[in-house]
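Notes for the one structure printed next.
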Ligand code: GCW
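Numbering (the UniProt record's numbering), first residue to last: 1 to 688.
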């Protein structure tokens with residue numbers, strides 16, 4: 001027994017009314033045998049089939065003739081039986097990762113065929129089939145054709161090597177035990193399985209902060225920012241086994257690297273990207289990496305951001321910096337992911353990424369991807385989408401979401417991010433005329449969607465059993481952003497908690513409504529944000545309310561609230577294309593949920609239904625707490641229907657969440673009252 005949860009790969013016994021059909025089609029499996037991915041497929045069947053069907057699988061090296069039915073997994077090239085049963089051209093037309101799942105008649109037997117043009121696709125197809133059985137769907141008439149929407153579907157770990165802390169991670173220490181490599185842990189494989197089962201095809205193993213930032217407040221948790229050391233030769237050698245674990249599941253490995261590596265690792269006296277020796281150093285280092293890991297994905301760099309070094313140290317720009325490193329990766333087909341998370345030089349941080357990067361469109365090398373957070377501030381409960389989306393047509397862009405809940409309750413609150421991601425995906429940027437939603441971007445071979453990871457050593461992996469849903473949902477939504485929130489959520493609940501309909505409905509409802517509740521109690525719901533405690537200790541900050549700390553983010557004054565980001569203000573709204581820019585520019589058309597992000601308004605300003613801004617903020621704060629209580633009570637109805645361990649854990653978390661939501665409500669309401677002097681017309685906010 002592992003000391004950690006199986007998450008959604010529990011493979012509980014299939015529903016009785018489906019068992020016969022599942023057994024007939026899947027107990028005998030004929031699986032191609034040529035690659036690491038296919039050995040992973042066989043292992044997965046060995047795990048899943050006994051548990052789902054109560055029978056050991058029979059694994060064949062040729063089509064079984066007397067089984068009466070079987071499962072076949074392989075490419076048409078691997079297996080004649082597969083080539084006979086499906087259109088080889090159709091398989092060949094699928095993109096990398098795509099697969100077909102078909103129920104066919106073959107030589108008098110009924111068979112399920114999983115096929116794909118690449119072995120990675122066979123891994124995904126197998127997990128897809130196992131998911132269908134886990135949720136109780138029929139498989140006797142399958143006609144599934146799937147392809148991933150984006151070529152790159154990555155997890156960025158913010159794990160700090162050696163120290164084993166996870167920046168913004170709430171599931172315990174890092175699962176990666178670097179000091180013990182090349183020794184491997186079973187947990188690596190189980191993690192790779194979780195990721196592959198939802199279609200993730202790349203992991204960046206270490207934190208983008210690769211060096212302890214020289215900030216005065218740097219505390220104990222920052223003490224071992226040694227990520228840059230992973231480029232040292234002996235570290236790279238020790239890593240190859242871990243890389244192979246991921247490779248079996250179709251996942252490529254990447255590293256975050258420090259811009260000043262030529263100095264830190266190479267002992268040079270400069271990291272100037274235009275210096276010949278520096279460029280040569282990067283070339284040799286990349287050659288060394290690819291010698292050890294031929295399918296290495298590439299590097300990720302956080303440069304000139306929050307104390308990390310970058311090209312500005314040498315009066316160079318982001319293009320100079322990125323292209324120098326990209327040139328070293330290029331001969332190996334490696335990719336450089338370069339983050340656009342920059343702030344500090346502008347009074348309103350929101351405008352800076354666009355100001356910095358948009359003018360550089362077209363200048364980045366072909367193997368550079370500029371990685372942009374979903375919103376212009378920093379993973380707040382709700383933000384407008386980044387103005388960079390659609391604004392750099394000549395540049396490969398990546399969209400960065402946060403799976404972990406840095407600002408949404410830190411693994412204590414149950415805050416489901418999928419509805420937020422859907423809002424981002426569906427947002428029409430008008431980049432290419434009306435009908436250019438965010439989800440239609442990032443479709444190039446060098447583009448994709450990245451999630452900041454959330455797992456750690458904890459039994460729950462994510463610090464909260466319900467928050468495993470965010471990791472699951474990220475993978476599924478990034479595989480196909482058109483799949484509905486309801487569908488993805490229900491899939492997760494069924495695989496994780498079984499098919500008791502009361503549990504499925506209740507957990508789905510809790511997840512669905514959790515995000516709006518969090519927005520209400522943490523912000524007041526009109527587009528305000530970043531009112532959390534920013535104290536010294538990394539592991540404490542961004543959790544408690546502390547609205548007085550950074551007034552610039554919410555613009556609270558005696559005369560009003562909100563930040564003017566129109567053309568008369570900081571100029572963020574006009575960075576969008578029309579009609580989006582126009583919509584945000586005007587108080588009349590700006591959507592209420594973002595009103596105070598774009599406008600500084602008097603407390604007594606009347607909203608469309610006649611309620612004042614101050615009153616609406618109070619109302620939302622109270623509604624957020626009531627909603628959280630309702631969600632807690634909903635969970636309470638599941639006592640006895642969910643196993644005791646998970647039931648208790650989530651129930652305790654909910655008690656803490658309600659208490660914390662009340663703290664947020666009371667602190668923000670008092671703060672708004674103190675500055676506005678506007679009493680709550682329902683008398684709930686103390687006016688003394
Ligand atoms: O918001 C900040 C986080 C930092 C993080 C940074 C980033 C990894 O609070 O912890 O550093 O974003 O995205 O680089």
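Built from N, CA and C at the ideal position, the CB exists for glycine as well. Small disclaimer: the values here were computed from a predicted structure and weren't measured.
Between the C-alpha atoms of residue 551 and residue 535, what's the straight-line distance to the nearest angstrom?
Reading the chain shown from its first residue, position 551 is the one you call residue 551. Reading the chain shown from its first residue, position 535 is the one you call residue 535. One C-alpha to the other measures close to 15 Å.
May I ask which residues mark the beginning and end of the beta strand (DSSP E) holding residue 69?
Here residue 69 refers to the residue found at position 69 when the chain shown is read from its first residue. Run containing residue 69: 69–73, per the beta strand (DSSP E) assignment.
Cα-Cα separation between residue 395 and residue 202, rounded to whole angstroms
Numbered from its first residue, the chain shown carries residue 395 at position 395. Numbered from its first residue, the chain shown carries residue 202 at position 202. Approximately 21 Å, taken between the alpha carbons.
Check residue 219 in the structure and name its three-state DSSP category.
Looking up residue 219 in the chain shown gives position 219. Legend: pLDDT at residue 219 = 47, less than 50; position of this residue unreliable, value from coordinates given subsequently. Residue 219 falls in the coil class under three-state DSSP.
Whole-angstrom Cβ separation of residue 545 and residue 663, contact assumed at under 8 Å?
Here residue 545 corresponds to residue number 545 of the chain shown, with the count starting at 1. Here residue 663 corresponds to residue number 663 of the chain shown, with the count starting at 1. Indeed, because the Cβ distance is near 6 Å, the residues count as touching under 8 Å.
Cβ-heavy atom distance, residue 207 to the ligand GCW, below 8 Å
Along the chain shown, one-based indexing puts residue 207 at 207. True, at least one ligand heavy atom lies under 8 Å from that Cβ.
Keeping to the same chain, check which residues put their C-beta closer than 7 Å to that of residue 415; ignore five residues upstream and five downstream.
For the purposes of this step, residue 415 is taken as the residue at position 415 of the chain shown. Only 405, 408, 409, 514, 515 and 518 meet the Cβ criterion.
Count the other CB atoms within 10 Å of the CB of residue 445; is the residue buried (16 or more) or exposed (fewer)?
Within the chain shown, residue 445 is the residue found at index 445, counting from 1. Burial call: exposed.
Exposed or buried, what is residue 464 when buried is set at 16 or more other beta-carbons lying within 10 Å of its beta-carbon?
Within the chain shown, the letter at position 464 stands for residue 464. Label assigned to residue 464: buried.
Using three-state DSSP, classify residue 392 as helix, strand or coil.
Looking up residue 392 in the chain shown gives position 392. Correct three-state label for residue 392: coil.
Please list the segments of the alpha helix (DSSP H) lying wholly inside the stretch 334–371, counting only runs of 4 or more residues, in order along the chain.
352–357
Three-way DSSP call (helix, strand, coil) for residue 151 in this model:
On the chain shown, residue 151 is found 151 positions in, with the first residue counted as 1. Coil, per DSSP.
May I have the straight-line CA-CA distance separating residue 221 from residue 166, to the nearest angstrom?
By 1-based counting over the chain shown, the position of residue 221 is 221. By 1-based counting over the chain shown, the position of residue 166 is 166. Because residue 221 sits at a pLDDT of 48, beneath the cut-off of 50, its placement in the model cannot be relied upon, and the following sentence gives the value as read from the coordinates. The alpha-carbon atoms of residue 221 and residue 166 are separated by roughly 9 Å.
Give the DSSP-derived three-state secondary structure of residue 576 in the structure shown.
As a working mapping, residue 576 is identified with position 576 in the chain shown. Looking at residue 576 - three-state DSSP - the assignment turns out to be coil, as it is neither helix nor strand.
Count the other C-beta atoms from every protein chain shown that fall within 10 angstroms of the C-beta of residue 687, then say buried if there are 16 or more, exposed otherwise.
Counting from 1 along the chain shown, the entry for residue 687 is found at position 687. Exposed, by the Cβ-count rule.
Taking C-alpha atoms, which residue in 227, 325, 475 and 136 lies nearest to residue 495?
Locating residue 495 in the chain shown gives position 495, where the first residue counts as 1. Closest option to residue 495, Cα to Cα, is 136.
Using the three-state DSSP reduction, which class does residue 471 fall into: helix, strand or coil?
For the purposes of this step, residue 471 is taken as the residue at position 471 of the chain shown. Residue state, collapsed to three classes: helix.
Identified DSSP bridge partners for residue 612
As a first step, residue 612 must be located in the chain shown, where it is residue number 612. 606.
Strictly under 9 Å for the Cβ-Cβ distance: is residue 611 near chain C by that measure?
Included in the structure is just one protein chain, with no chain C present.
Hey, how far is the Cα of residue 639 from the Cα of residue 260?
Along the chain shown, one-based indexing puts residue 639 at 639. Along the chain shown, one-based indexing puts residue 260 at 260. Near 54 Å, if we compare the C-alpha coordinates of residue 260 and residue 639.
Comparing alpha-carbon positions, which option in 45, 471, 434 and 529 lies nearest residue 579?
Your numbering for residue 579 matches position 579 in the chain shown. Among 45, 471, 434 and 529, the Cα nearest to that of residue 579 is on 434.
Cβ of residue 474 within 8 Å of any heavy atom in the ligand GCW?
What you label residue 474 is simply residue 474 of the chain shown in a count that begins at 1. For the ligand GCW, not one heavy atom lies less than 8 Å from the Cβ of residue 474.
Taking 8 Å as the cut-off, is the CB of residue 167 close to at least one heavy atom of the ligand GCW?
Along the chain shown, one-based indexing puts residue 167 at 167. Residue 167 Cβ: within cutoff of the ligand GCW.
Are the stretch 669–684 and the stretch 612–619 touching by the rule of at least three beta carbon pairs closer than 8 Å?
yes
Assuming residue 128 is part of the alpha helix (DSSP H), what are its boundary residues?
Along the chain shown, one-based indexing puts residue 128 at 128. Taken as a continuous stretch (DSSP letters only), the alpha helix (DSSP H) holding residue 128 covers 119–135.
Looking at residue 102: is its Cβ nearer than 9 Å to the Cβ of residue 86?
One-based indexing of the chain shown puts residue 102 at position 102. One-based indexing of the chain shown puts residue 86 at position 86. Closer than 9 Å, so yes.
Contact between the stretch 107–126 and the stretch 149–160 is defined here as three or more beta-carbon pairs at a separation below 8 Å; is this criterion met?
no
Alpha carbon of residue 15 to alpha carbon of residue 134, nearest angstrom:
To locate residue 15, count along the chain shown from 1; it is residue 15. To locate residue 134, count along the chain shown from 1; it is residue 134. Rounded to the nearest angstrom, the two C-alpha atoms are 9 Å apart.
Sequence-distant residues of its chain with Cβ nearer than 6 Å to residue 79 (five each side left out):
Looking up residue 79 in the chain shown gives position 79. These residues qualify, in order along the chain: 32.
Since residue 234 is in the beta strand (DSSP E), which residue starts that stretch and which ends it?
In the chain shown, residue 234 corresponds to position 234, counting from 1. Premise fails: residue 234 lies in the alpha helix (DSSP H), 233–247, not in any beta strand (DSSP E).
Sorted by chain position, which residues of the same chain lie with C-beta nearer than 6 Å to residue 238's C-beta, five sequence neighbours on each side aside?
Along the chain shown, one-based indexing puts residue 238 at 238. Same-chain partners within the cutoff: 181 and 182.
Comparing alpha-carbon positions, which option in 613, 370, 339 and 196 lies nearest residue 525?
What you label residue 525 is simply residue 525 of the chain shown in a count that begins at 1. The shortest C-alpha separation from residue 525 is found at 613.
Between residue 542 and the ligand FAD, is the CB less than 8 Å from at least one heavy atom?
For the ligand FAD, the structure offers nothing, since it holds only the ligand GCW.
Buried versus exposed, by CB contacts within 10 Å (16 or more), residue 61
Locating residue 61 in the chain shown gives position 61, where the first residue counts as 1. Label assigned to residue 61: exposed.
Own chain residues within Cβ distance below 7 Å of residue 605, not counting five before or after:
Translated into the one-based positions of the chain shown, residue 605 becomes position 605. For residue 605, where only same-chain residues beyond five positions count, the Cβ hits under 7 Å are 612 and 613.
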